[in-house]
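2 protein chains.
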Amino acid sequence: MLTFIGLGLYDERSISIAGRDALQAADYVAAEFYTSYLVDATVSDLETAHDIDIDVRDREGVEQHPEDILRKAQSEDVAFLTAGDTMISTTHTDLRLRAIDRGIDTRVIHGVTAQTAASGLTGLQNYRFGKSVTLPFPYAHGAEGVPTSVTDSITANRERGLHTVVYLDIKADRDEYLRASDAAEMLATDFEDMLAVVVARAGSPDPTVRADRLSALAEKDFGDPLHLLVLPGELHHLEEEALAALADAPADMLNAVDSQWIK
Amino acid sequence: MLTFIGLGLYDERSISIAGRDALQAADYVAAEFYTSYLVDATVSDLETAHDIDIDVRDREGVEQHPEDILRKAQSEDVAFLTAGDTMISTTHTDLRLRAIDRGIDTRVIHGVTAQTAASGLTGLQNYRFGKSVTLPFPYAHGAEGVPTSVTDSITANRERGLHTVVYLDIKADRDEYLRASDAAEMLATDFEDMLAVVVARAGSPDPTVRADRLSALAEKDFGDPLHLLVLPGELHHLEEEALAALADAPADMLNAVDSQWIK
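Just so you know, the sequences run in chain order C and X.
For the first sequence, this note's numbering gives the first residue as 321, with consecutive numbering after it.
For the second sequence, this note's numbering gives the first residue as 321, with consecutive numbering after it.
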């Protein structure tokens, strides 16, 4: 049995109880932290909290050399851990298909995703989000500025009145993550005065949620990672109130003039 | 302090450890199960598993008469529980804003959502989903068939190659939920031979994931609730492989003829 378990967003207590139980029952536990990572728990924290040993695999150890993981899973209970939800990256789906190909039973125990948190923390309604995008580091993208695919998706969502989650590039193996202020500066080239919402440390006990013009957000410091941005489309009245109350959205960016929240 | 806690999708063990800890530390625990509910845990199961008492509120008890919740939260630790994530419904955002208006500290502890599970269980990539929709019961919609807003959103997503999650109506207070087969039959009027994926019991130990034409899915029985549908847009090669391996997608609905999975 190969059980894919999502650890959630923040620390060793972000996992579900069902996930924790499966983790503790496993004979062997592998994990990857190159697609994402837990902001406030080291591998050692996870091992201590759950009384387990974790074999951390790099990309090559998952994608090129998963043999020993699959061999163990043929006769034992193997758990494979990722931050956030599992199956978010193609690398996980690929491993699951390899296991099924060998007749290994697989199952998935979900974790909380940044998409969920982006909606919950901003008060923007989840059914009003369009396609999400990832903003890469310029060096990873191979050019300055924002890829056309990103700006096109944002524009297409906005034409339908939809919000866009902008995930920010993570190079976990280099301990680099794109900051919301840098992302806002990049996006301000195309969308200077657009309203945007920074969500920093989603899933943590002290998330920061701040709405302002992209050009203004580019000047601020939102502290420790991870960060993401939301670019709102059309705002319903309650969404405007939420952005004013939860994210200090400036009054001149909102229409709901009769709200107590909008100063 | 008012802490909104998402219980996740399935039973009393779907909550995160952080959520469970906050729940057990609360002086008073309220919950609502009219926007969604846990498929395999009663209120009594939750109370027993976490050693707490839960005050279940109906819609009126949350939206019209939240006074006692707010009054308690001014001096005590109050937890407010919902199935899935919290803040998914406007009713939760509204309660949070009322609390903030009174100077009450609020926080959010996220739970796993059906959107997350729909992506993870089908192998469809999360960044390739467009706006999601909810398909109402005809009696709730007030007319036969599928609302134009639903078909328009599906069509707009597909024009951009994007997948659509179709949530199915829940009338928890009447113990009614729209079945995937009935939803497929309704959607088949507009999209007869479209490929669709049923996800039944997402988040449970035995989810069903089945891909076929809408007209074929309309003839099947997917067992206990909750159900949802995914209408895929363009499929990448790995997504086709995943739908064949995980959901028995028929070969003639897929293009990747060189895959071992597609028979």
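Where a beta carbon is used, it is the ideal one built from N, C-alpha and C, also for glycine.
task = May I ask which residues mark the beginning and end of the beta strand (DSSP E) holding residue 454/C?
result = 453-455
request  = For the stretch 529-540 of chain C and the stretch 510-519 of chain C, state whether three or more C-beta atom pairs, one from each stretch, are separated by less than 8 Å.
outcome  = yes
message = Can you check whether the C-beta of residue 524/X is within less than 7 Å of a C-beta belonging to chain C?
response = no
query = Do you know offhand how far residue 504/X's Cα is from residue 346/X's?
reply = 43 Å
query = If we ignore side chains and look at the alpha-carbon of each, how far apart do residue 343/C and residue 374/C end up?
reply = 10 Å
inquiry  = Rounded to the nearest angstrom, what separates residue 507/C and residue 534/C at their Cα positions?
reply    = 7 Å
query = Taking Cβ-Cβ distances shorter than 7 Å, what residues in chain X pair up with residue 428/C?
reply = 440 and 441
request  = Would you give the residue range spanned by the alpha helix (DSSP H) that residue 366/X belongs to?
outcome  = 363-370
task = Please decide whether residue 481/X counts as near chain C, where near means a Cβ-Cβ distance under 7 Å.
result = no
request  = Rounded to whole angstroms, what's the CA-CA distance from residue 384/C to residue 514/X? Just pull it up for me.
outcome  = 36 Å
message = If you measure between the beta carbons of residue 339/C and residue 429/C, is that distance less than 7 Å?
response = yes
key: Residue from 394/C, 458/C and 354/C whose Cα sits closest to the Cα of residue 348/C   = 394/C
query = Do the CB positions of residue 351/X and residue 376/X come within less than 7 Å of each other?
reply = yes
ask   = Under 9 Å Cβ-Cβ, which residues of chain X neighbour residue 422/C?
value = What residue 422/C touches in chain X: nothing, since even the nearest Cβ is about 12 Å away.
ask   = Does DSSP put residue 530/C in a helix, a strand or coil?
value = strand
ask   = Taking a cut of 9 Å between CB atoms, which residues from the stretch 449-483 of chain X lie near chain C?
value = 449, 450, 451, 452, 453, 454, 473, 476, 477, 480 and 482
query = Do the stretch 439-459 of chain C and the stretch 325-340 of chain C touch if we need at least three Cβ pairs shorter than 8 Å?
reply = no
ask   = Distance, Cα to Cα, residue 435/C vs residue 549/C?
value = 11 Å
task = Since I believe residue 547/C is in contact with residue 494/C (beta carbons under 8 Å), could you give me their beta-carbon distance rounded to a whole number of angstroms?
result = 17 Å between Cβ atoms; not a contact.
request  = Give me the Cα-Cα distance between residue 488/C and residue 455/C, rounded to the nearest whole angstrom.
outcome  = 5 Å
query = Taking the C-alpha atoms as reference points, what is the distance between residue 569/C and residue 571/X?
reply = 50 Å
query = Where do the ends of the alpha helix (DSSP H) carrying residue 390/X lie?
reply = 387-395
key: Contact with chain C by residue 408/X, beta-carbon distance below 7 Å   = yes
request  = Might you give, ordered along the chain, the residues of its own chain that have their beta carbon closer than 8 Å to the beta carbon of residue 450/X, omitting 5 neighbours on each side?
outcome  = 473, 476, 477, 480, 482, 483, 484 and 553
message = Which residues in chain C have a C-beta closer than 7 Å to the C-beta of residue 562/X? List them in chain order.
response = 413 and 417
CA-to-CA distance, residue 431/X to residue 575/X, given in whole angstroms = 36 Å
key: Secondary structure, alpha helix (DSSP H): runs of 4+ residues fully inside the stretch 453-514 of chain X   = 458-461, 468-479 and 500-511
6 Å Cβ shell around residue 355/X - same chain, five flanking residues per side excluded = 409
task = With a threshold of 16 other CB atoms inside 10 Å of the CB of residue 448/X, please say whether the residue is buried or exposed.
result = buried
Under the three-state DSSP convention, the category residue 427/X falls into = strand
task = Could you name the residues of the stretch 547-562 of chain C whose beta carbon sits closer than 7 Å to any beta carbon of chain X, in the order they occur along the chain?
result = 558, 561 and 562
task = Could you name the residues of chain C that residue 405/X contacts, counting a contact when the two beta carbons are closer than 9 Å?
result = 432, 436, 437, 439, 440 and 446
message = Considering only heavy atoms of the ligand PLP, does any lie closer than 6 Å to the CB of residue 445/C?
response = With respect to the ligand PLP, the structure offers nothing, as it holds no ligand at all.
Simplified DSSP state of residue 350/X, which is helix, strand or coil = strand
inquiry  = Is it buried or exposed, residue 412/C, if we count other Cβ atoms within 10 angstroms and call 16 or more buried?
reply    = buried
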